[in-house]
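Student:
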Amino acid sequence: MDLPHLRAFVALAELRHFGRAADRLHISQPALTKRLRLLEGVIGARLFERDRTGTVLTSIGIALLPDALRITSEADALLIRARHVVQGTAGQLDIGFGLSSIEIAPRLVGAYRRTHPAVAVSLNDFSSAEQIERLRDGRLDVGFVRLPFVASGLESRSLARDTLALACPKGCSSNGDISNLEALNASGFVMLDRARGPGLRAQIDHWCAEVGLEPRILQLADDLQTVLALVAGGVGFSIVPQQAVRLSGTGVDLFPLKGPYAEWTIGAAWRSDRDNPALWRFLALIEHA
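Residue 800, in our numbering, is where the sequence shown stops; the numbers in between run on with no holes.
(1) Report yes if the CB atom of F660 is closer than 8 Å to the CB atom of A616, and no otherwise.
(2) Starting from Q603, follow its DSSP beta bridges and name the residues at the other end.
(3) Using a Cβ-Cβ cut-off of 8 Å (strictly less than) and excluding sequence neighbours within five positions of G664, which residues of its own chain qualify?
(4) Could you give the distance in angstroms between the alpha-carbon of V763 and the alpha-carbon of A780?
(5) Quick test of your reading: T566 and F529, contact by CB under 8 Å. State the CB separation rounded to the nearest angstrom.
(6) Leaving out five residues before and five after G607 in sequence, what residues of the same chain have Cβ atoms less than 6 Å from its Cβ?
(7) In the DSSP assignment, the beta strand (DSSP E) including D562 goes from what residue to what residue?
(8) What are the partner residues of V751, as DSSP defines its beta bridges?
(9) On the DSSP bridge list, what partners appear for W775?
(10) Could you check the C-alpha separation between D605 and R624 for me, to the nearest Å?
(11) Would R535 and H516 qualify as a contact pair, given that the criterion is a beta-carbon distance under 8 Å?
(12) Cβ atoms of R657 and I777: under 8 Å apart, would you say?
(13) Just list the alpha helix (DSSP H) runs in the stretch 532-599, keeping only unbroken ones of 4 residues or longer that don't cross its boundaries, in chain order.
(14) Per DSSP, what kind of secondary structure is P788 in: helix, strand or coil?
(15) Do you know offhand how far A579's Cα is from L558's?
(16) Hey, how far is the Cα of L568 from the Cα of Q603?
(17) Give a yes or no on whether the C-beta atoms belonging to S539 and A533 are separated by under 8 Å.
(18) Closer than 8 Å by C-beta to F734: which residues in its own chain qualify, once you throw out the five before and the five after it? Chain order, please.
(19) State the Cα-Cα distance for the pair M512 and A795, rounded to the nearest angstrom.
(20) Leaving aside the five residues before and after L553 along the sequence, list all residues of the same chain whose C-beta is less than 6 Å from its C-beta, in chain order.
(21) With a threshold of 8 Å, are at least 3 pairs of Cβ atoms found where one atom belongs to the stretch 695-702 and the other to the stretch 724-739?
(22) Provide the residue(s) that pair with I728 in DSSP beta bridges, ordered along the chain.
(23) In terms of DSSP beta bridges, what is S667 paired with?
(24) Can the beta-carbon of E774 be found less than 8 Å from the beta-carbon of R672?
(25) How many Å lie between A755 and A743 at the Cα?
(26) Work out the CA separation of S669 and D786 for me, nearest whole Å.
(27) So G621 and G710 are supposed to be a Cβ contact under 8 Å. How far apart are they, rounded?
(28) Among A697, A740 and S612, whose alpha-carbon lies nearest the alpha-carbon of Q753?
(29) Can you tell which of L589, G572, V746 and E525 has the C-alpha that lies nearest to the C-alpha of G555?
Structure (structure tokens):
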């Protein structure tokens, strides 16, 4: 028993006419008769009989018709969904992002969801290093990471740049130069825990080494929102991504820092051999963002 046999059964049951049923299926009447006989042979009972009004279902045919309708309907739905998946307008897309992409990733993912509502998008918060690992072993389709990186089999595209910024309570007078940072160090710094943002902390470490600053850390926090809340409350100062302005509210001022290690590139990374059509549509979207 296969779908063509069930479709023949459903067509004749609904139309009650061999000629019209054959036309619906785009086959000849002898081919329709053959399919029905094969189906009846598998079942071991007649499904149709003739009366004064034409071809009608037997009691066994009546009992089996609801299941045949359900199976053929589900098969039609599966075929439609499969075509959408192949075209990239349905399916699953697993995306990684981190602190560096806290502004650009949600914006692009939101635009993608609006234009591809049938794609189930999973947005996962990981460091750049963990995203690279997950991209390589297939657990992510695309990641928003710091560039450049060293990983074979991955491609990338630059999307934006960010810079480190000094975060201080609203109304502080610093303009972000090193003389002010040295003075502020006496008050101490609130920093993101290294385990929660290894890429950002490494960037801060490089910049501090470049300018000869050894920050006196008073408090560690698990996320940028907490860091900025502590700064706003006067606990200490901090060094954060400039994009954190989206999280800073009204209680914090941000002053961009300068120097080779103060800036970095944010980009999208993906496996060059990834066979997910939804991914290629997402990449096409960010190409024109």
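For every residue, glycine included, the Cβ atom is placed at its ideal position computed from N, Cα and C.
Tutor: In short:
(1) Result no, Cβ atoms of F660 and A616 do not sit closer than 8 Å.
(2) Answer is A631, bridged to Q603.
(3) For G664, where only same-chain residues beyond five positions count, the Cβ hits under 8 Å are R647, R782, S783 and D784.
(4) A straight line joining the alpha-carbon of V763 with that of A780 spans about 32 Å.
(5) That belief holds up - the Cβ atoms of T566 and F529 are roughly 7 Å apart, short of 8 Å.
(6) Result list for G607: N635, F637, Q642, L651 and G654, in chain order.
(7) Taken as a continuous stretch (DSSP letters only), the beta strand (DSSP E) holding D562 covers F559 to D562.
(8) DSSP, once it has assigned bridges, lists A676 as partnering V751.
(9) BP columns for W775 point to D673.
(10) The straight-line gap from Cα to Cα measures roughly 13 Å.
(11) Contact flag unset, no.
(12) With a cutoff of 8 Å on beta-carbon distance, I777 and R657 are scored as near each other.
(13) DSSP runs (the alpha helix (DSSP H)) wholly in the stretch 532-599: 540-554 and 570-598.
(14) The answer is helix: DSSP assigns P788 an H, G or I state.
(15) Their backbone Cα atoms lie some 12 Å apart in a straight line.
(16) Cα to Cα, the separation comes out at about 43 Å.
(17) Yes; because the gap between Cβ atoms is below 8 Å, this pair is in contact.
(18) The sequence given here places Asp at residue 734; Phe does not occur at that position. Sequence-distant partners of D734 (beyond 5 residues in either direction) whose C-beta falls short of 8 Å from its own C-beta, in its chain, are L703 and R707.
(19) Cα to Cα, M512 sits roughly 43 Å from A795.
(20) What sits at residue 553 in the sequence shown is Val, not Leu. Excluding residues up to 5 positions away in sequence, M512 lie with their Cβ nearer than 6 Å to the Cβ of V553 in the same chain.
(21) The answer is yes - the stretch 724-739 touches the stretch 695-702, with three or more Cβ pairs under 8 Å.
(22) Its beta-bridge partners are F700.
(23) S667 pairs with A780.
(24) In this structure, the beta-carbon distance from E774 to R672 falls below 8 Å.
(25) Rounded to whole angstroms, the gap between the alpha carbons of A755 and A743 is 13 Å.
(26) Rounded to the nearest angstrom, the gap between the Cα atoms of D786 and S669 is 22 Å.
(27) Not really, about 23 Å apart at Cβ, beyond 8 Å.
(28) Comparing alpha-carbon positions, the option among A697, A740 and S612 lying closest to Q753 turns out to be S612.
(29) The candidate whose alpha carbon is nearest that of G555 is G572.
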